[in-house]
Amino acid sequence: MKYHVKTRKFEGPLDLLLELIEKEKLEITDVSLAHVTDQFLGYIKEDADINPVHLADFLVIAAKLLYIKSKILLPQVEESTEEELSTDELAFRLKEYKKFKRAAEHIGVLLNRKTVLISREPVKDMQQFFMPGKNLTKKSLLYSIHQLFSLFESQTKREEQSIQETVSIAEKITSIEQFLAKKSECNFDEMLKTSSDRTEVVVTFLALLELIKQRSVVVKQNTLFDTIMVKQYE
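The structure is reproduced here in structure tokens:
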């Protein structure tokens, strides 16, 4: 039965060999390498489009495969230590190639998502230095500085706004205490009559909370949203 290989271009002999083994669902062993030898040779023979630069790599792998197959068929043949290392090296290279190929495919998937950034670890104790280009001169640098300042000058000036002085919480606490000294009990709305803006209303409320915390005053509210009554703590 004649073997036909897919017409896709392989990136090298290990790429072809790995696909042949995975197609047969075999582990990377001497037996599986021997099993796909004929298929590997068939690809070299039939595919005339192999780059001549890489043809030598295919032939080297083919020679190793033929040796492995002959060793399987003729187990009584003793091999030297160098030959044994050569066959073990092929299996090792193929396993390593498989790892890198899977890693490359995984990285390809991550890059296609366009949501993952792969970066290296920062280099520790790396000194920063300035390396000016060949075209950088004192004149060009001075010109760039002038251009930068001109950009700032051309920007529209913001309208000046007056900053109003805001009463502090401490001052408001004193004001409330003085207010209650004259009138032992009053509603909170009376205290807000002297407030000039919303900020002072908030400060008054915070001052009242601080007095409650200090147990200087007591507040009472009969129902929700009803008038808040304030009186000195007895």
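All the letters of the sequence shown, read from the start, carry residue numbers 109 to 342 under the working numbering.
Glycine residues also receive a C-beta, built at the ideal position from the N, C-alpha and C atoms.
Per DSSP, what are the beta-bridge partners of residue i in this structure?
| i | result |
| --- | --- |
| N295 | M337 |
| T326 | The sequence as given places Val at residue 326; Thr does not occur at that position. Answer is K339, bridged to V326. |
What's the call for residue i, buried or exposed, on a 16-neighbour Cβ count within 10 Å?
| i | result |
| --- | --- |
| K291 | exposed |
| L250 | exposed |
| L193 | Reliability of the predicted coordinates at L193 is poor, the pLDDT of 48 falling under 50, and the value obtained from them is presented with this limitation in mind. It is exposed - the Cβ of L193 has fewer than 16 other Cβ atoms within 10 Å. |
| I169 | buried |
| K172 | buried |
| I215 | exposed |
| A289 | exposed |
| A212 | exposed |
| K110 | With a pLDDT of 35 at K110, under the threshold of 50, the modelled position of that residue is not reliable, and the figure given next carries that caveat. With fewer than 16 Cβ atoms within 10 Å of its Cβ, K110 is classed as exposed. |
| K49 | Residue 49 lies beyond the range of the chain shown here (109 to 342); nothing can be said about it. |
| T307 | exposed |
| Q322 | exposed |
| R210 | exposed |
| F148 | buried |
| K177 | buried |
| M299 | buried |
Over what stretch of residues does the alpha helix (DSSP H) that includes residue i continue unbroken?
| i | result |
| --- | --- |
| K290 | 277 to 290 |
| E308 | 306 to 321 |
Please name the residue, chosen from the options, that lies closest to residue i on a Cα-to-Cα basis.
| i | options | result |
| --- | --- | --- |
| T302 | I320, Q329, K153, K280 | K280 |
| E293 | Q340, K177, R210 | Q340 |
| N295 | R306, T307, T312 | T312 |
| D305 | K328, V325, V275 | V275 |
| V338 | L332, F287, V309 | F287 |
| D334 | K153, Y205, S248, D297 | D297 |
| V325 | L316, D146, L332 | L316 |
| I320 | K177, T331, K209, I284 | I284 |
| L179 | T145, T331, N220, K242 | Just to set this straight, residue 179 is Lys in the shown sequence, not Leu. Ranking T145, T331, N220, K242 by Cα distance to K179 puts T145 first. |
| L314 | T282, F257, Y205 | T282 |
| K203 | V327, E127, N330, I336 | E127 |
| V309 | A199, L256, I277 | I277 |
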